[in-house]
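Residue numbers (the working numbering), protein chains in the order written: chain A, 41 to 300; chain B, 32 to 45.
Right under this line is the structure:
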């Protein structure tokens, strides 16, 4: 049995809204320890994962391992229909396993229940990297304010939606996007005196090409946290991470474009 | 002239 309390605008809802146009299904695994959401875009160019430990989720109840595929559009449409003051609970019961119920209760105790079929997520073939993998395969990381990151992603995506580049050295971080009528180039210098807001940590310079559209889609999710951390690799997808609550986190991976 | 890689190229279970 699973009971997942939701609030309009919380991280779970935020992630669902962000990936609405990229993916049809969110693969959600729940255990007594918490929730893990995974969604891949339909072209398999990007993946987003949300980890939410039970202690960060007030009212979270799960007494067994549950792996379900949630139809994103149905869920988002239902949440949009609800009132901001409603208490929302996503339920998967033993007697109706194959469907999920989204229950809305108003402050006056009026209720609206949505019931929809679960779908096959088909994500069993994906294995996301752990911390050890990140340390060994990623040559550089950059911590920066999430609002700033979103601004850059929006700028890159508006300018050129097909080809962008992130480069990092121990002195600076640069973003580049190629548009049809020109290019945009953004540079951040590492400041010696203050590394709490912006910090570069690289073993060797990294340059990574990608599609800015995907990063822009995820960037708005990262504003749930004050800071984002970018992990760059010469051989693996770009990863962006932010912390949510005490121990929760959101990660997204964007597959690179490589020279033939 | 770049090749767009896919996530499955990197994170598939063996």
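Cβ atoms here follow ideal geometry from the backbone N, Cα and C, with glycine treated the same way.
This structure is a prediction, so every number in the text was calculated from the model and none was measured.
Distance cutoff 8 Å, beta carbons only. Does residue i sit that close to anything in chain B?
{"i": "residue 276/A", "result": "yes"}
{"i": "residue 295/A", "result": "yes"}
{"i": "residue 32/A", "result": "In the structure displayed, chain A extends from 41 to 300; residue 32/A sits before or after that span and is not available."}
{"i": "residue 175/A", "result": "no"}
{"i": "residue 252/A", "result": "no"}
{"i": "residue 166/A", "result": "yes"}
{"i": "residue 281/A", "result": "no"}
{"i": "residue 302/A", "result": "It is not possible to answer for residue 302/A, since the shown part of chain A is limited to 41 through 300."}
{"i": "residue 308/A", "result": "No statement about residue 308/A is possible, as the shown extent of chain A runs from 41 to 300 and does not include it."}
{"i": "residue 45/A", "result": "no"}
Assign residue i to buried or exposed, taking buried as 16 or more other Cβ atoms, counted over all protein chains shown, within 10 Å of its Cβ.
{"i": "residue 237/A", "result": "exposed"}
{"i": "residue 169/A", "result": "buried"}
{"i": "residue 252/A", "result": "buried"}
{"i": "residue 256/A", "result": "buried"}
{"i": "residue 34/B", "result": "exposed"}
{"i": "residue 172/A", "result": "exposed"}
{"i": "residue 286/A", "result": "exposed"}
{"i": "residue 143/A", "result": "buried"}
{"i": "residue 63/A", "result": "buried"}
{"i": "residue 291/A", "result": "buried"}
{"i": "residue 109/A", "result": "buried"}
{"i": "residue 41/B", "result": "buried"}
{"i": "residue 149/A", "result": "exposed"}
{"i": "residue 299/A", "result": "exposed"}
Is residue i helix, strand or coil by DSSP?
{"i": "residue 237/A", "result": "coil"}
{"i": "residue 67/A", "result": "strand"}
{"i": "residue 97/A", "result": "coil"}
{"i": "residue 139/A", "result": "strand"}
{"i": "residue 169/A", "result": "coil"}
{"i": "residue 253/A", "result": "helix"}
{"i": "residue 186/A", "result": "helix"}
{"i": "residue 36/B", "result": "coil"}
{"i": "residue 248/A", "result": "strand"}
{"i": "residue 91/A", "result": "strand"}
{"i": "residue 85/A", "result": "coil"}
Beta carbon of residue i, beta carbon of residue j: below 8 Å?
{"i": "residue 190/A", "j": "residue 259/A", "result": "yes"}
{"i": "residue 199/A", "j": "residue 219/A", "result": "yes"}
{"i": "residue 75/A", "j": "residue 89/A", "result": "no"}
{"i": "residue 269/A", "j": "residue 197/A", "result": "no"}
{"i": "residue 41/A", "j": "residue 115/A", "result": "no"}
{"i": "residue 126/A", "j": "residue 107/A", "result": "no"}
{"i": "residue 186/A", "j": "residue 293/A", "result": "no"}
{"i": "residue 179/A", "j": "residue 265/A", "result": "no"}
{"i": "residue 59/A", "j": "residue 112/A", "result": "yes"}
{"i": "residue 295/A", "j": "residue 94/A", "result": "no"}
{"i": "residue 44/A", "j": "residue 100/A", "result": "yes"}
{"i": "residue 247/A", "j": "residue 207/A", "result": "yes"}
{"i": "residue 284/A", "j": "residue 51/A", "result": "yes"}
{"i": "residue 91/A", "j": "residue 222/A", "result": "no"}
{"i": "residue 124/A", "j": "residue 48/A", "result": "yes"}
{"i": "residue 214/A", "j": "residue 224/A", "result": "no"}
Can you give me the start and stop residues for the beta strand (DSSP E) that residue i sits inside?
{"i": "residue 76/A", "result": "74-80"}
{"i": "residue 292/A", "result": "288-294"}
{"i": "residue 223/A", "result": "223-229"}
{"i": "residue 284/A", "result": "278-284"}
{"i": "residue 321/A", "result": "Only positions 41 to 300 of chain A appear in the structure, and residue 321/A is not among them; the question remains open."}
{"i": "residue 110/A", "result": "106-111"}
{"i": "residue 45/A", "result": "42-46"}
{"i": "residue 322/A", "result": "Lying outside 41 to 300, the shown extent of chain A, residue 322/A is not represented and no answer is given."}
{"i": "residue 267/A", "result": "267-272"}
{"i": "residue 207/A", "result": "203-208"}
Over the uninterrupted alpha helix (DSSP H) stretch that includes residue i, give me the two end residues.
{"i": "residue 55/A", "result": "51-59"}
{"i": "residue 128/A", "result": "Premise fails: residue 128/A lies in the beta strand (DSSP E), 127-132, not in any alpha helix (DSSP H)."}
Is residue i near the ligand FAD, judged by its Cβ being under 7 Å from some heavy atom?
{"i": "residue 32/B", "result": "You won't find the ligand FAD in this model; it holds no ligand whatsoever."}
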